[in-house]
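Notes follow once the structure below has been shown.
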Amino acid sequence: MEKQFSVGGISCAGCVASVERALQSVDGVDAASVNFAERTATVSGAASAEALIRAVVEAGYEAELLQGAEDESEKKDAAERAEYRARLRESALAGALGFPLLLGGWLDRLPAQTGQGWWFWLTMGAITLGVMIYSGGRFYRGAWKAFWAHNANMDTLIALGTGAAWLYSMVILLWPEWAPAAARHVYFEAGAVIISLINLGAALELRARGKTSQAIQRLIGLQAKTARVVRDGQEIDLPLAQVRVGDLLRVRPGEKIAVDGELVEGRSTVDESMLSGEPLPVSKQPGDAVSGGTLNKSGTFLFRATRIGADTVLAQIIDMVRRAQNTKPAIGRLVDRIAGVFVPVVLVIAVLTALAWFNFSPDGDIPRSSFMLVTTMTVLIIACPCALGLATPISIMVGVGKAAEYGVLIRNGEALQRAGQLDTVVLDKTGTITEGQPTVTALRPAGDWDEQRLLQFAASIEAASEHPLAEAVVSAAKDRGIEPLAAEGFEALAGRGVRAELGGRTVLLGNRALMQDHQVALDDAVQQADQLAGQAQTPVFLAVDGRLAGVIAIADPVKADSVEAVARLRRAGLSVVMLTGDNRRTAEAVARQVGVDEVIAEVLPAHKADKVSELQASGRVVAMVGDGINDAPALAQADVGFAIGGGTDVAIESADITLMRGSLHGVSDAIAISRATVRNIKQNLFGAFIYNTVGIPLAAGALYPFIGLLLNPIVAGAAMALSSVTVVSNANRLRYFRAEAG
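Okay, so the sequence shown: first residue is 18 according to this note's numbering, each after it adds one.
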């Protein structure tokens, strides 16, 4: 069972690692993942919510169970608005103290630290302490909790840096004789300005981060709040929570459909773009399915509720998008491992920096203690790994949300990353490249058989089959008014066809392999079948009592956009393979029609996964695109499985990526979004690593021996705050991503 929690008190990627360790230590937890960008945790397993919350609290953080999508969204939005206002207030107060002191120091307009000026600085020290407690209290509380939990995080670095500056300044004021005259300088402005800048950066990050979850907010906003229910002959408006399965609901033009159901009266057109990404409305008539959250465009109709609450397609989409946003791809887990040891390493570097400057700083007017304090404080402040922790999850959030806008549901971050590495796309034929609604196109009787009897026998045996080709035969007989005979002993022969008894006669219906298995002579029918197959029609043989009765040609038309969709995949540098159980001649005819590179035909359903495995063994990174049910083994075997379907019929849980519309363009969209997202993650990580790789040595004074440059702690604070804002802003560029039109 999966549970979601909001997590409070996490301030960097190191905190993420600490909370995940705490959750994973609880008995019954199968997996735990913390999303730093969302400040949420997702836990799967049998552990109770109380035990999980207790583990998080004992680790020095806060946790609260989230009950559902709307609950989470409302709580998160309210909390972020409150936090944004708090960060701005804290920044303004600290800045109101720190920046005047900083400006006064630069202009040499501040009093001396002796005589009457001593009281001024003592007052400033007391005010600075109050401001640090109010504006930076969360850093010191977080550092204290982390200390007792044997952790170190961003709060630790900020608390040590600003706390050391204030303590040093107070020591200089109260016991000036402890330091040489040249070292008697106070740093009250440094602590205040650093806290002001970090809080300002946090506020800007919150504001930018709020835009990343707009996809979820839009999906939640699609849900209707009320429904017009017909009860006892009366139409009444009820809250959505009071709708029950089986209720009759009235929908008028321009209204949202409240829940999933089946239309029972009336006709209309429905805008289903929120499900499929298709802009054109879909015609609906009695017997058709309708989905909650879609928009009724024209007529008034009645429908019967079949799925409500968390069972609706829209609720499943919201849940799937949220879970995907909270998962980590491989690159994210690597960053978490680095971040888990990053802060302790920084603390060691800070100590080494202090020792180096205290023992080896140059003699001159500036005392060694000043060198030591400034460089150590700067290292602690600049090294906060906020940007590193945000780099992956913030891009995943935006990328998964953008994919949902295209009707592409990505199951997890791993699939999102892997889709960008694909070089081969394997397509099932029926229902993927073709419409999946075959029709009988020709009847070729043999011997003394005629078309009527040929179709009657075929329809009689196919009536018990669920294969798409069987449906075409039965439909053709019905259209001609042919009554089927009673079949007995029906048996489906996987990858071959079917067998049954009709009036004591043994009837076989299937492909050439089935006829060969039962030594049925085909004679001239082989040439007819080859001719039909060359025209992209599937030949089906009928044999009665071991003798050929005729050939039935069945064609499944290619989808209108399959040719352009395959061309898009090839333009993206992908090799396109068609994998089908159909005969080779028919498969190759379809392949030529749509421009597929390679054809693997006459493959039994059970062997499709083996063919995918063979492609992988040759070094390819393979995607399998199928209907999500019949092709389940192949979808599971592929590096990325795409379930392609239409609206409510899609098997949402059957693959890594689910396409809500029945078009292959969704595969190209998913791959394009994946590549853009992974590229964005790499940009974020590059920036974060460069920031820390360059910033820490610079803060430690690496350039001082060469050009006399020491980085100001205030500049370090500004750079640290802005690095997080930069990462979030870069991730938000994905919101404007546009896939190639298709």
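All C-beta atoms in this analysis are idealised placements derived from N, C-alpha and C, irrespective of residue type, glycine included.
Under the three-state reduction of DSSP, which class applies to R130: helix, strand or coil?
-> Here the question's residue 130 lines up with position 113 in the sequence shown. According to the sequence shown, residue 130 is Gln rather than Arg. Residue state for Q130 is assigned as coil, using DSSP reduced to three classes.
Minimum C-alpha distance to V515 - residue among E479, P722, L331 | Within the sequence shown, the letter at position 498 stands for residue 515. The candidate whose alpha carbon is nearest that of V515 is E479.
So, do the stretch 713-720 and the stretch 394-404 have three or more beta carbon pairs nearer to each other than 8 Å?
-> Yes: the two stretches touch, three or more of their Cβ pairs being nearer than 8 Å.
Burial state of D47 (16 or more Cβ within 10 Å) | Working through the sequence shown from its first residue, we reach residue 47 at position 30. D47 should be labelled exposed.
Report the rounded CA-to-CA distance for L762 versus P556, giving the unit in angstroms.
-> Absent from the structure is residue 762, since the part of the chain shown begins at 18 and ends at 759.
Would DSSP call S50 helix, strand or coil?
-> The sequence position of residue 50 within the sequence shown is 33, counting from 1. Residue state, collapsed to three classes: strand.
Identity of the residue in A95, R497, G218, R428 nearest A733 by Cα | Walking along the sequence shown from the start, residue 733 turns up at place 716. A check of alpha carbon separations from A733 across A95, R497, G218, R428 identifies G218 as the nearest.
Expressed to the nearest angstrom, what Euclidean distance is found between the alpha-carbon atoms of F205 and L177?
-> Indexing the sequence shown from 1 puts residue 205 at position 188. Indexing the sequence shown from 1 puts residue 177 at position 160. Cα to Cα, the separation comes out at about 14 Å.
Does the count of Cβ pairs from the stretch 57-65 and the stretch 416-432 closer than 8 Å reach three?
-> No: fewer than three Cβ pairs fall under 8 Å.
Out of E488, I499, D534, S482, state which residue places its alpha-carbon closest to the alpha-carbon of A509.
-> In the sequence shown, residue 509 corresponds to position 492, counting from 1. The option with the nearest alpha carbon to A509 is S482.
Between G430, D264, S186, G309, which lies nearest to D277 when the distance is taken from Cα to Cα?
-> Counting from one through the sequence shown, the residue named residue 277 turns up at place 260. If we check each option's Cα against that of D277, G309 comes out closest.
Would L426 be called buried (16 or more neighbouring beta carbons within 10 Å of its own) or exposed?
-> Counting from one through the sequence shown, the residue named residue 426 turns up at place 409. So L426 ends up on the buried side.
Separation of Q533 from G664, as counted between CA atoms | Numbered from 1 along the sequence shown, position 647 holds the residue referred to as residue 664. Numbered from 1 along the sequence shown, position 516 holds the residue referred to as residue 533. With a pLDDT of 35 at G664, under the threshold of 50, the predicted position of this residue should be treated as unreliable, though the coordinate-derived value follows. Distance between the alpha carbons of G664 and Q533: 41 Å.
Determine the contact status of L739 and N697, defining contact as a CB-CB distance below 8 Å.
-> In the sequence shown, counting from the first residue as 1, residue 739 sits at position 722. In the sequence shown, counting from the first residue as 1, residue 697 sits at position 680. No; because the gap between Cβ atoms is not below 8 Å, this pair is not in contact.
Decide if the stretch 464-474 is in contact with the stretch 572-589; the criterion is three or more beta carbon pairs, one per stretch, under 8 Å apart.
-> Between the stretch 464-474 and the stretch 572-589, the count of Cβ pairs shorter than 8 Å is below three; the stretches do not touch.
Around the Cβ of V362, are there at least 16 other Cβ atoms within 10 angstroms (buried) or fewer (exposed)?
-> Stepping through the sequence shown from its first residue, residue 362 is reached at position 345. So V362 ends up on the exposed side.
Pairwise C-alpha distance: R350 and S35 | Along the sequence shown, one-based indexing puts residue 35 at 18. Along the sequence shown, one-based indexing puts residue 350 at 333. Roughly 13 Å separates the two Cα atoms.
Going by DSSP, what residues sit across from M595 in a beta bridge?
-> Taking the first residue of the sequence shown as 1, we reach residue 595 at position 578. DSSP lists L444, V616 as partners of M595.
Measuring CA to CA, which of N749, E282, S579, L720 is closest to R678?
-> Here residue 678 corresponds to residue number 661 of the sequence shown, with the count starting at 1. Distances from the CA of R678 to each of N749, E282, S579, L720 were compared; the closest alpha carbon is that of S579.
Run through DSSP, which three-state label would F760 get?
-> Because the chain spans 18 through 759 in this model, residue 760 falls outside it and cannot be assessed.
Going by DSSP, which residues form a beta bridge with N313?
-> To locate residue 313, count along the sequence shown from 1; it is residue 296. Paired residue(s): V287.
Give the range of the alpha helix (DSSP H) segment to which Q21 is assigned.
-> For the purposes of this step, residue 21 is taken as residue 4 along the sequence shown, with counting starting at 1. Unbroken run through Q21 is the beta strand (DSSP E), 19-25; no alpha helix (DSSP H).
Taking the alpha helix (DSSP H) that P650 falls in, what are its first and last residues?
-> As a working note, residue 650 is residue 633 in the sequence shown. Membership of P650 in the alpha helix (DSSP H) is indicated by the continuous run 649-654.
Locate the alpha helix (DSSP H) running through G77, then write down its first and last residues.
-> Translated into positions along the sequence shown, residue 77 becomes position 60. No alpha helix (DSSP H) contains G77, which DSSP labels as neither H nor E.
Could you name each continuous alpha helix (DSSP H) segment of 4 residues or more that falls completely within the stretch 365-417, going from the start of the chain to the end?
-> At a cut-off of 4 residues, the continuous stretches assigned as alpha helix (DSSP H) that sit fully inside the stretch 365-417 are 385-399.
Pairwise C-alpha distance: Y151 and R71 | Mapped onto the sequence shown, residue 71 falls at position 54. Mapped onto the sequence shown, residue 151 falls at position 134. Going by the C-alpha atoms only, they are around 28 Å apart.
Can you say whether I674 is buried or exposed, counting buried as having 16 or more other CB atoms within 10 angstroms of its CB?
-> On the sequence shown, residue 674 is found 657 positions in, with the first residue counted as 1. In summary, I674 is buried, with 16 or more beta-carbon neighbours lying within 10 Å of its beta-carbon over all protein chains present.
When DSSP labels each residue in this structure, what does T665 get in the three-state scheme?
-> In the sequence shown, the residue the question calls residue 665 occupies position 648. Here T665 scores only 34 on pLDDT, less than 50, and its place in the model should not be relied on; the value that follows carries that caveat. Here DSSP, grouped into helix, strand and coil, assigns T665 to helix.
Consult DSSP for I450 and reduce its assignment to one of helix, strand or coil.
-> Looking up residue 450 in the sequence shown gives position 433. DSSP, read as helix, strand or coil, puts I450 in helix.
Pairing CB atoms from the stretch 65-82 with CB atoms from the stretch 101-110, are three or more of them under 8 Å?
-> Put simply, the stretch 65-82 does not touch the stretch 101-110. Fewer than three CB pairs are less than 8 Å apart.
G643 versus D44: straight-line alpha-carbon distance, rounded | For this step, residue 643 is matched to residue 626 along the sequence shown. For this step, residue 44 is matched to residue 27 along the sequence shown. Answer to the nearest angstrom: the Cα atoms are 38 Å apart.
Identity of the residues DSSP links to Q554 by a beta bridge | As a first step, residue 554 must be located in the sequence shown, where it is residue number 537. Per DSSP, A572.
Taking only the alpha-carbon atoms, compute the straight-line gap between A220 and A99 and give it to the nearest angstrom.
-> For this step, residue 220 is matched to residue 203 along the sequence shown. For this step, residue 99 is matched to residue 82 along the sequence shown. C-alpha separation (whole angstroms): 10 Å.
In terms of residue numbering, what span does the alpha helix (DSSP H) encompassing K699 cover?
-> Position 682 of the sequence shown, counted from the start, is the residue given in the question as residue 699. In this chain, the alpha helix (DSSP H) harbouring K699 covers 682-716.
Please name the residue, chosen from P346, L486, K628, that lies closest to G527 on a Cα-to-Cα basis.
-> By one-based count along the sequence shown, residue 527 stands at place 510. Out of P346, L486, K628, the CA that lies nearest to the CA of G527 is found in L486.
Coarse secondary structure for M641, derived from DSSP in three states | The residue labelled residue 641 in the question sits at position 624 within the sequence shown. In this structure, M641 counts as strand in the three-state DSSP scheme.
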